[in-house]
Amino acid sequence: MFTDVKDTDVYDYRKSKEERYGTYMRELRRKDHSIKKSVRTALGYLDIYIYYPKELKTNIVYFNAHGGGMCLSNFELDMPYCQKICDAIGCIVVNVDYFVAPEYKFPKTYTSMYEMIKYCNEHRDEFAFGDAKFVIGGNSAGGQISAAVIQLEKQDHEDFIKGLVLNYAPCDQHIDQTKVIDQQKAISPSRIHQYQAWEYNDASEIEDPLSSIVNSDPRIYPPTLENTAELDSLRAGEEQFAEMLQKQGTYVDYKCYSGCQHGFTHQELHEYNAEASEDAWKRIEAFLKKLAKNEGRK
Numbered sequence: 001m002f003t004d005v006k007d008t009d010v011y012d013y014r015k016s017k018e019e020r021y022g023t024y025m026r027e028l029r030r031k032d033h034s035i036k037k038s039v040r041t042a043l044g045y046l047d048i049y050i051y052y053p054k055e056l057k058t059n060i061v062y063f064n065a066h067g068g069g070m071c072l073s074n075f076e077l078d079m080p081y082c083q084k085i086c087d088a089i090g091c092i093v094v095n096v097d098y099f100v101a102p103e104y105k106f107p108k109t110y111t112s113m114y115e116m117i118k119y120c121n122e123h124r125d126e127f128a129f130g131d132a133k134f135v136i137g138g139n140s141a142g143g144q145i146s147a148a149v150i151q152l153e154k155q156d157h158e159d160f161i162k163g164l165v166l167n168y169a170p171c172d173q174h175i176d177q178t179k180v181i182d183q184q185k186a187i188s189p190s191r192i193h194q195y196q197a198w199e200y201n202d203a204s205e206i207e208d209p210l211s212s213i214v215n216s217d218p219r220i221y222p223p224t225l226e227n228t229a230e231l232d233s234l235r236a237g238e239e240q241f242a243e244m245l246q247k248q249g250t251y252v253d254y255k256c257y258s259g260c261q262h263g264f265t266h267q268e269l270h271e272y273n274a275e276a277s278e279d280a281w282k283r284i285e286a287f288l289k290k291l292a293k294n295e296g297r298k
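First residue of the sequence shown: 1, per UniProt numbering; consecutive thereafter.
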């Protein structure tokens with residue numbers, strides 16, 4: 001299934017992103033006010049960037065996982081939005097520079113991410129996290145990673161992650177192109193195939209619940225928020241995941257943004273939709289505040 005894509009093909013793909021966003025990302029780094037920390041995992045040190053509010057108003061630590069098809073390390077693109085959430089509701093936000101494929105194939109991204117967040121929970125004083133509730137979420141691939149981390153947490157018989165946020169996340173690795181409204185405005189099948197080839201050792205791994213979270217047990221998830229895009233090729237899987245949680249009685253706040261494409265929340269992307277983006281981030285902020293007040297429920 002993946003013999004037509006080489007791992008080394010990723011370098012040209014990354015180069016294209018560097019040419020498009022490199023200057024912008026370096027400027028974001030220059031202006032950024034986060035505090036960098038590193039957490040040792042079995043794969044080595046994983047870097048995190050922590051945003052502390054001037055005044056803690058919402059007792060939440062929100063761990064953010066950026067997008068990038070599991071193969072891009074462009075965590076800088078999420079810097080403005082991490083700062084935005086931190087400033088808007090006065091909570092701590094952690095932007096995670098996780099390990100990516102093909103250098104780190106399935107399931108290494110997920111297991112190392114879980115190691116990091118577990119370490120943070122067990123060493124709260126080191127990061128000044130106090131008794132804040134941990135919530136995890138992300139954009140695109142970062143959302144899938146976040147859901148996978150919750151699966152690993154439950155396998156580890158732990159229960160310290162109290163909420164999940166998904167922005168247009170791949171919930172099902174089997175993309176039904178017949179459900180795509182506009183092929184020109186959705187992620188192309190060839191690009192999805194590349195992402196999967198770089199991420200997985202063999203095709204069977206796309207069935208794993210860590211990969212296709214619609215194959216996981218819906219009973220394990222905490223209160224969840226989903227922002228999806230009508231024109232996204234990932235929408236059907238997101239809808240299915242939301243329905244799974246609803247049927248189990250798990251709190252899920254789902255919204256599909258009409259006329260929007262994958263990536264609509266990020267200003268630097270051509271898919272950006274200013275009005276929908278502002279609403280999506282406000283929904284995340286409101287969700288985090290709700291969880292802090294124990295208003296989220298199963």
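No residue lacks a Cβ here, since even glycine has one placed at the ideal position from N, Cα and C. All values reported here derive from a predicted model rather than from experimental measurement.
Cut-off 6 Å between Cβ atoms - residues of its own chain near residue i, not counting five sequence neighbours on either side
| i | result |
| --- | --- |
| D176 | A236 |
| C171 | I213, V214, G237, E238 and F241 |
| C82 | Y51, N64, V93 and N95 |
| A169 | G143 and Q144 |
| F129 | V61 |
| Q173 | I206, S211 and S212 |
| H193 | none |
| E115 | T41 |
| P218 | M244, L245 and Q248 |
Residue j beta carbon less than 8 Å from that of residue i
| i | j | result |
| --- | --- | --- |
| L291 | K57 | no |
| H266 | L77 | yes |
| G68 | A147 | no |
| E243 | I89 | no |
| I150 | V94 | no |
| I85 | Y119 | no |
| D32 | M79 | yes |
Residue i burial status per 10 Å Cβ neighbour count (16 or more: buried)
| i | result |
| --- | --- |
| A203 | exposed |
| A101 | buried |
| A160 | For the sequence presented, residue 160 should be read as Phe rather than Ala. So F160 counts as exposed. |
| N64 | buried |
| residue 303 | This structure leaves residue 303 out entirely; the chain is present only between 1 and 298. |
| S216 | buried |
| G143 | buried |
| E153 | buried |
| T8 | exposed |
| Y200 | buried |
| S251 | Looking at the sequence shown, residue 251 is not Ser but Tyr. Looking at its Cβ environment, which holds 16 or more other Cβ atoms inside 10 Å, Y251 is buried. |
| N273 | buried |
| N167 | buried |
Same chain, Cβ closer than 7 Å to residue i, neighbours up to 5 away in sequence not counted
| i | result |
| --- | --- |
| E205 | F106 and S211 |
| L269 | G263 |
| A197 | F2 and V5 |
| D279 | none |
| K162 | K133, F134, V135, P222 and L291 |
| E230 | I181, C256, Y257, S258, G259 and C260 |
| P209 | Q151, N215 and S216 |
| N121 | F134 and F160 |
| L43 | F99, Y104, K108 and S112 |
| K289 | T58 and I89 |
| K185 | L231 and Q261 |
| E271 | Q261, H262, G263 and F264 |
Residue i to residue j span [Cα, whole Å]
| i | j | result |
| --- | --- | --- |
| V165 | S258 | 19 Å |
| Q248 | R20 | 43 Å |
| F127 | V96 | 14 Å |
| S190 | V135 | 33 Å |
| residue 300 | D47 | In the structure displayed, the chain extends from 1 to 298; residue 300 sits before or after that span and is not available. |
| R14 | I117 | 27 Å |
| M113 | T41 | 8 Å |
| I181 | N227 | 18 Å |
| K179 | K37 | 42 Å |
| Y98 | Q183 | 30 Å |
| K17 | G137 | 23 Å |
| S233 | D125 | 42 Å |
| R283 | S277 | 10 Å |
| G22 | P53 | 28 Å |
| Y195 | N139 | 15 Å |
| T224 | E103 | 31 Å |
| E158 | V10 | 35 Å |
| I220 | L245 | 9 Å |
| D12 | R26 | 20 Å |
| H123 | Y45 | 16 Å |
| D253 | I187 | 24 Å |
| N74 | Y24 | 11 Å |
| W281 | L28 | 19 Å |
| S34 | Q155 | 32 Å |
| K293 | E55 | 17 Å |
Distance cut-off 7 Å: residue i Cβ against heavy atoms of the ligand COA
| i | result |
| --- | --- |
| R20 | Of the ligands one can find in the structure shown there are none, so the ligand COA has no counterpart to examine. |
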